[in-house]
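**Student:**
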Amino acid sequence: MIPLAVLTDIAAELPNAFPPRRTPVPDADADEVMGFFTDATLCIGCKACEVACKQWNQLPADGLEFTGYSYDNTKHLGATTWRHVAFKEKITPDFGKWLMVSDVCKHCAAAPCQQSCPTGSIVYNEFGSVYVQPDICNGCGYCVVACPFGVIDRSMIDGHAHKCTLCFDRQTEGMEPACAKSCPTDSIQFGPIKQLRERARERVERLHEQGRADAYLYGADSVGDYGPLHSFFLLEDHPHEYNLPVAPPQPLRNQAPRYAAGLAVGAALAAVAAFVFGRAARAAP
Amino acid sequence: MPGLGASFGRGAATNYQQDLANSDCVLFMGSNMAEAHPVGFRWPLKAQARGAKLIHVDPRFTRTSAMCDVFVPIRVGSDIAFLGGLINYVLTHERHFAEFVLAYTNAATIVEDEFRDTEDLGGVFSGYDPKGREYEPAKGGWGYQGSEAEGKARKGGTTAHPTGYRQRKAGGGSHGMHGYGLMGGASSHGQPRKNATDVPGGCHRDETLQHPKCAFQLLKKHYARYTPEAVAEVCGCAPEQVVRVAELLCQNSGRDRTGMIVYAVGWTQHTTGVQIIRAAGILQLLLGNVGRPGGGVMAMRGHASIQGSTDIPTLYDLLPGYLPQPAADKGHENLDEYVGHEGLPTGYWANTKKFVVSLMKAWYGEAATARNHYRWKWLPRIDRDYSQLPFFRDMAQGKVKGYFLLGQNPAGGGPNAGLHREGLRNLDWLVVMDWFLTDSANFWKDAPDGPPPQGVKTEVFFFPAAAAPEKEGSFTNTQRLLQWHDKALDPPGDCRSDAWLVYNLGKKLKALYRGSRKAKDQSLLHLTWDYEFDEPPHLPDGTPSLIAGEPDVSKVLQEINGHSLTETDPSTGKPKLLSGFAELKDDGTTACGCWIYSGVFPAYGRNRARDRERTDNPVEPDWGWAWPHNRRVMYNRCSADPDGKPWSERKKLLWWDEQQHKWVGPDQPDFPPDTPPHYRPPPDATGMDAIGGAAPFIMKPDGLGWLFAPGPAKDGPFPTHYEPVESPVGNLFYPRQPDSPTTRYFEGPLNRIAHRPTPEYPVVACTFRLTEHYLSGPMSRFNSWLNELQPEMFVELSPELAADRGIEHGGWLVVRSPRGAIEARAMVTRRLRPLRVQGQTVHQIGIPFHWGYAGETVGAVANDLTSLVADPNVSMHEGKVFVCQVTAGRLDGPAPRRPTEPFAPWPTRAAVPDTPRAAQPEGHLT
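Top line first, the protein sequences correspond to chains R and W.
When you line the first sequence up against this note's numbering, it's residues 41 to 325, in that order.
When you line the second sequence up against this note's numbering, it's residues 8 to 933, in that order.
#1: Below 7 angstroms between beta carbons: does that hold for W:Leu661 and W:Asn637?
#2: At 3 residues or longer, what runs of the beta strand (DSSP E) sit wholly inside the segment 821–895 of chain W?
#3: In whole angstroms, what separates the C-alpha of W:His277 from that of W:Glu885?
#4: Which of the three DSSP states is assigned to R:His116 in this structure?
#5: For a contact meaning CB atoms closer than 7 angstroms, what does W:Thr864 contact in chain R?
#6: Are the beta-carbon atoms belonging to W:Arg67 and W:Gly853 less than 7 angstroms from one another?
#7: Closest to W:Thr579 by C-alpha separation, out of W:Gly846, W:Ala610, W:Asp878 and W:Asn341, would be which residue?
#8: If you drop the 5 nearest sequence neighbours on each side, which residues of the same chain put their C-beta closer than 7 angstroms to that of W:Phe448?
#9: In chain W, which residues lie with their C-beta within 9 angstroms of the C-beta of R:Asn294?
#10: Ignore the nearest five residues each way along the sequence and tell me which others in W:Asn433's own chain have a CB closer than 7 angstroms to its CB.
#11: What's the C-alpha gap between R:Pro217 and R:Gln211?
#12: Tell me where the beta strand (DSSP E) around R:Ala287 begins and ends.
#13: From the DSSP output, in three-state form, read off R:Ala149 for me.
#14: Can you tell me whether W:Thr229 is buried or exposed? The criterion is at least 16 other CB atoms within 10 Å of its CB, across all chains shown.
#15: Return the residue from the list W:Ala115, W:Gln282 and W:Pro235 that minimises the CA-CA distance to W:Ile87.
#16: Whole angstroms are fine: how far does the CA of W:Pro841 sit from the CA of W:Leu714?
#17: Got a sec, what are the start and stop residues for the beta strand (DSSP E) W:Trp385 sits in?
#18: Using a cut-off of 8 angstroms between C-beta atoms, extract the partners of W:Leu793 located in chain A.
#19: May I ask you to list, following chain order, the residues of the segment 228–241 of chain R that have a beta carbon less than 7 angstroms from some beta carbon of chain W?
#20: What does W:Gln797 reach in chain R if we use C-beta pairs closer than 7 angstroms?
#21: With burial defined as no fewer than 16 other Cβ atoms inside 10 Å of the residue's Cβ, what is the status of W:Leu34: buried or exposed?
#22: Given a threshold of 16 other Cβ atoms within 10 Å of its Cβ, counted over all protein chains shown, does W:His103 qualify as buried or as exposed?
#23: Which residues in the same chain have their Cβ closer than 8 angstroms to the Cβ of W:Leu572, if we skip the five residues on either side of it in sequence?
#24: Output yes or no for whether 7 angstroms exceeds the beta carbon distance between W:Leu942 and W:Val607.
#25: Please report how far the alpha carbon of R:Leu309 lies from the alpha carbon of R:Arg322, in whole angstroms.
#26: Any heavy atom of the ligand HEM closer than 6 angstroms to the CB of W:Lys514?
#27: Per DSSP, R:Val191 is paired with what?
#28: Can you tell me whether W:His5 is buried or exposed, with buried defined as 16 or more other CB within 10 angstroms of its CB?
#29: What residues are listed by DSSP as bridge partners for W:Arg613?
#30: Could you check where the alpha helix (DSSP H) with W:Met40 kicks off and where it finishes?
#31: Starting from W:Asp774 and walking both ways along the alpha helix (DSSP H), at which residues does that stretch end?
#32: Which partner residues does W:His570 have in the DSSP bridge list?
#33: Report the CB separation of R:Lys87 from R:Gly259 in whole angstroms; it is logged as a contact under 8 angstroms.
#34: Mapping the DSSP letters down to three states, classify W:Gly818 as helix, strand or coil.
#35: Give the range of the beta strand (DSSP E) segment to which W:Gly704 is assigned.
#36: Taking only beta-carbon atoms, is R:Lys221 less than 7 angstroms away from chain W?
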């Protein structure tokens with residue numbers, strides 16, 4: 041007889057049964073999990089992070105287009121743009137706000153891109169960050185539609201999916217990611233995610249004391265019912281103003297109902313078939 | 008920079024950038040620090056995190072404004088009115104730091120009776136000569152009462168100098184005057200010659216500050232009309248905003264708190280720039296924000312090492328260390344006359360002869376002796392203004408044959424760039440040394456306004472330049488800090504360092520003239536010119552450098568530091584290097600290439616600019632080396648009260664230790680280290696002995712900060728609001744005197760000026776910088792990673808102006824000024840707003856000056872619109888403000904060539920040899 045405990049374990053692993061997971065999903069609170077804390081109240085929009093990222097990772101420029109979106113000519117993250125500084129002008133006659141924040145892959149604790157990858161190309165590496173192995177990626181693009189933040193993208197140059205690696209190569213050599221290194225105002229901070237969360241909460245408290253009551257953390261714990269992000273933000277306005285979803289959808293949630301629906305449809309079809317063919321068989325001589 | 012010199016004594020930022028973190032309030036004005044100096048901006052943000060208030064006063068809402076607690080929009084060119092309003096607020100509400108003002112400024116000093124203010128004379132000071140458009144300070148009574156110069160001037164009836172030399176009457180405005188101005192010491196006017204503080208029979212003082220001719224009362228009277236309402240009317244802001252800024256500054260000044268003012272080229276590039284900076288100096292002196300932690304005036308420099316290139320000058324009118332270049336018409340005939348004329352009997356400039364003699368020994372070695380006056384005659388004399396603006400005007404008239412451009416791009420970055428290109432077209436030859444073929448290297452074929460290439464006679468020689476990692480050397484940054492950088496690798500191909508070109512050119516010239524007996528060739532033949540490496544140079548990885556003929560620039564720094572000609576270094580047998588300028592001698596036994604840098608290389612193998620040691624000392628004295636003498640906060644004697652005790656525990660930096668009988672604290676004292684606070688100089692004292700123990704500004708002859716500047720600024724002892732040369736409104740304060748009375752004009756068909764408000768040009772334009780590009784683009788517009796961030800030339804304007812002219816956001820517009828017209832994309836944004844000025848609506852536009860016709864991205868040259876005018880002190884142009892008209896649409900005629908292929912083959916995927924895996928390009932995008 042199979043013990044009950046083993047059965048429950050198997051049941052718990054079922055959501056991971058397909059597509060196959062090549063690496064374990066790290067405990068989000070583990071000490072070795074690294075991440076980013078991006079503080080929008082300190083971002084001066086210099087875009088040093090964008091240039092440092094492209095320079096370190098040897099990513100090509102994506103075109104020379106004047107967009108007219110304030111000072112944002114990068115537009116969005118993509119296969120060859122792993123940091124993107126967003127600008128939003130909110131100017132009224134008596135008060136001016138010019139929101140700036142450096143957007144990046146969120147390195148979700150439960151990453152839909154990783155969950156949707158059929159080849160196992162997307163893994164959690166030893167630093168707890170979501171990492172794409174381009175040599176395994178088959179370019180199916182499931183991850184692109186799965187990401188609720190519009191981060192990961194397929195390259196038109198090589199056909200593989202690419203996004204921020206959290207400078208995996210630098211981390212293995214004990215260096216911090218290029219963007220955090222180049223950020224002049226410490227708007228981008230890198231470190232063990234547990235420490236970053238603590239530091240960020242203190243910063244929010246301090247800002248509240250100084251009368252900046254709008255400051256809050258986005259993604260430090262969880263966003264709506266979406267899990268915590270290993271790259272979280274300190275914002276001072278509605279997430280929409282920074283192009284961030286208030287309630288990012290978690291595609292995996294749809295998996296069980298869709299499996300159930302699929303099984304139900306299958307069962308129903310089987311029943312219909314059995315009925316139709318059974319009658320036919322009975323009717324046959 | 009002379010603005011700071013006139014107030015404090017030295018033309019350099021008073022504090023270090025990290026010190027901004029210690030401020031309780033920072034006023035950014037004439038500076039867009041977050042965009043133009045993003046790395047240093049971390050320090051004001053650190054202050055803000057502690058609770059400090061950040062204020063931005065600027066025509067445009069910029070990325071700096073976005074980070075500040077208070078933003079006040081003002082009209083371009085109304086800075087003095089705004090600062091005058093702040094000064095007026097401080098004085099009328101008696102919010103000044105009374106003890107500080109009385110002890111450390113010349114508030115109590117009484118000015119000559121003949122002096123008349125702009126308030127009395129309708130916009131000019133006494134002593135104005137309308138024909139020569141300049142001031143004669145001696146005639147106008149700008150001196151102190153009771154000073155020696157005043158006495159002699161009276162007796163002799165001429166504009167006498169204490170040394171007895173007659174002044175040039177007119178034409179003082181014809182040369183620039185960086186030398187005097189920057190250090191604020193020597194001056195050709197009747198100005199204080201004695202320590203005013205304590206010398207009986209010296210300058211007259213009124214310690215109650217009530218005398219109608221004392222500097223304090225004159226200041227009060229001068230700014231009495233700068234009320235918040237009047238200022239708001241001129242600046243286009245609200246009166247409450249003036250009061251709010253003034254209140255914040257006052258609340259954050261005093262014994263326990265300090266505030267800083269940060270400016271950059273937004274202040275300097277005006278015909279009144281020196282006076283704007285003076286106004287900031289006066290305000291900080293009144294508030295007691297000088298020489299203290301978090302208190303001072305930060306001059307943010309516009310280029311890498313531009314501080315260094317005024318210290319060791321690339322300016323025509325300066326010798327190293329802010330010694331004036333000898334002039335043909337100023338009694339500089341022999342060395343002693345020069346020293347008598349330019350030195351001062353009291354204060355640190357009493358050592359002028361030591362500086363000059365040591366400089367001549369450094370340049371001419373054994374050929375310079377006391378008998379031949381250290382070859383003083385070999386130095387070229389200036390006889391007029393050879394600064395860039397008049398020089399290029401002459402070039403455009405065909406008067407100049409050849410020109411060297413090393414790291415400069417006048418075809419795109421010069422004011423009235425069209426005139427600059429015309430100048431280049433009239434040369435016989437031009438040498439350009441740069442990383443890329445810049446606008447100035449390509450002007451003969453690519454400039455849209457030029458004739459076809461065969462119509463340009465100039466022969467252009469292009470030398471590819473080495474980049475910073477490919478050569479060693481030092482940068483002197485905004486806080487006077489020298490930082491050495493080593494060479495990481497050899498430059499590729501034919502690229503060479505600038506030093507290589509200059510050194511080898513010098514060697515070739517010396518060889519060509521060898522044997523000449525002509526007197527005019529002797530200075531070249533005897534110039535010390537030996538900077539060969541002792542051993543073949545090696546790269547950091549141990550391989551020998553493959554570049555031949557590179558000079559050893561550390562030997563240049565050793566020459567600048569100076570050495571003894573009598574003592575030898577025991578370990579090397581070479582001449583002993585000097586440990587600082589205190590060791591300099593005037594008898595020819597020391598050589599020193601720049602006295603203020605002395606001490607940077609105190610021993611062989613000990614280059615202090617190369618120090619990178621972090622300590623727990625807050626001023627970080629072992630990171631690089633700052634002139635003078637590694638002092639990080641200048642005038643830091645001010646951080647203690649007259650008795651030598653810190654003003655407060657929170658703001659202590661330097662104090663008198665009775666036991667040790669010296670000044671102690673984290674910083675090096677900018678003061679004689681063992682002069683006690685209660686020292687009072689005897690009446691006949693000279694040099695540093697004449698500076699009292701409570702006189703912190705040691706470069707000043709009276710040791711005091713100058714509220715009233717008897718010199719050296721050529722445009723008046725008090726900053727006064729004048730409209731820019733081109734303005735859509737008149738001068739509200741002085742209707743008969745719209746622009747500064749001492750502005751110099753260079754008018755001609757290529758440089759037209761709209762002197763009066765005209766409906767033809769109703770819009771005010773302001774040029775500005777973006778973080779994403781650098782200057783006119785010669786370093787940034789060839790890099791795809793930067794170009795994609797700001798790919799096209801645009802112009803910022805308000806929705807109101809855009810609606811009025813039918814301009815669409817993202818569409819095209821044309822900007823026309825009296826000098827030219829450009830087209831650009833329209834950036835319609837609420838960050839610019841129309842202002843109400845004197846009852847009329849004034850529209851302002853912002854124009855980035857980063858584009859040109861060379862590079863991966865090309866666009867209109869903003870400087871085609873700016874004018875060639877000059878301020879009287881430093882020949883600074885007024886690129887920051889001019890009038891224009893804005894219309895929708897595009898220009899007729901050919902648009903600039905649009906390159907289709909990236910210039911730089913990024914990204915590279917080649918492996919980098921001997922480099923760890925992490926530093927290798929990933930190369931996965933094949």
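Note that the Cβ used here is the ideal one computed from N, Cα and C, for glycine as well.
Note that the coordinates shown come from a computational prediction; the quantities given were computed from them, not determined experimentally.
**Tutor:** In this structure, then:
#1: No, the Cβ-Cβ distance between W:Leu661 and W:Asn637 is not below 7 angstroms.
#2: Within the segment 821–895 of chain W, the complete beta strand (DSSP E) segments at least 3 residues long are 827–835, 842–844, 847–849, 851–855 and 889–895, listed from N- to C-terminus.
#3: Rounded to the nearest angstrom, the gap between the Cα atoms of W:His277 and W:Glu885 is 4 angstroms.
#4: It is coil, neither helix nor strand.
#5: Leu104, listed in chain order.
#6: The Cβ-Cβ distance between W:Arg67 and W:Gly853 falls below 7 angstroms.
#7: Across the set W:Gly846, W:Ala610, W:Asp878 and W:Asn341, the C-alpha of W:Ala610 shows the shortest separation from the C-alpha of W:Thr579.
#8: Phe is not the amino acid found at residue 448 of chain W; the sequence shown has Ala there. Excluding five sequence positions before and after W:Ala448, the CB atoms of its chain that fall closer than 7 angstroms to its own CB belong to Val439, Asp441, Val467 and Phe469, given in chain order.
#9: Near R:Asn294 there are no residues of chain W at all, since even the closest Cβ is about 32 angstroms away, more than 9 angstroms.
#10: Excluding positions up to five away in sequence, the list reads Met402, Ala403 and Gly405.
#11: If I take the Cα positions, the gap works out to 7 angstroms.
#12: Boundaries cannot be given for R:Ala287, as no beta strand (DSSP E) includes it and DSSP labels it neither H nor E.
#13: Three-state result, R:Ala149: coil.
#14: Note on identity: in this sequence residue 229 of chain W is His, with Thr being the wrong assignment. Buried is the call here.
#15: Put simply, of W:Ala115, W:Gln282 and W:Pro235 the residue whose alpha carbon is nearest the alpha carbon of W:Ile87 is W:Gln282.
#16: Each residue's Cα considered, the two are about 35 angstroms apart.
#17: DSSP places W:Trp385 in no beta strand (DSSP E); its state is neither H nor E.
#18: Within the model displayed, chain A is absent; protein chains R and W are what it includes.
#19: Those residues of the segment 228–241 of chain R placed with their C-beta closer than 7 angstroms to a C-beta in chain W do not exist.
#20: Correct list: Asn113.
#21: Under a 10 Å Cβ-count criterion, W:Leu34 is classified as buried, with 16 or more other Cβ atoms of the shown protein chains found around its own Cβ.
#22: By the 10 Å Cβ count, W:His103 comes out buried.
#23: The residues are Lys368, Pro582, Gly595, Thr596, Thr597 and Ala598.
#24: With chain W covering only 8 through 933, there is no way to say anything about residue 942 of chain W.
#25: Approximately 19 angstroms, taken between the alpha carbons.
#26: The ligand HEM is absent from the structure shown, which contains no ligand whatsoever.
#27: Note: R:Val191 sits in no beta bridge, so no partner.
#28: Outside the displayed range of chain W (8 to 933) lies residue 5 of chain W, so it cannot be described from this structure.
#29: Beta-bridge pairing links W:Arg613 to W:Ala610.
#30: Run containing W:Met40: Met40 to Ala43, per the alpha helix (DSSP H) assignment.
#31: One detail in the question is off: residue 774 of chain W reads as Thr in this sequence, not Asp. For W:Thr774, there is no enclosing alpha helix (DSSP H); the residue is part of the beta strand (DSSP E) that begins and ends at Val770 to Phe775.
#32: Paired residues: W:Leu584 and W:Ala598.
#33: Actually they are not in contact, since the Cβ atoms of R:Lys87 and R:Gly259 sit about 22 angstroms apart, beyond 8 angstroms.
#34: When secondary structure is reduced to three states using DSSP, W:Gly818 falls in the coil class, being assigned neither helix nor strand.
#35: What sits at residue 704 of chain W in the sequence shown is Phe, not Gly. For W:Phe704, no beta strand (DSSP E) run applies, since DSSP gives it neither H nor E.
#36: Answer no: the Cβ-Cβ gap between R:Lys221 and chain W never drops below 7 angstroms.
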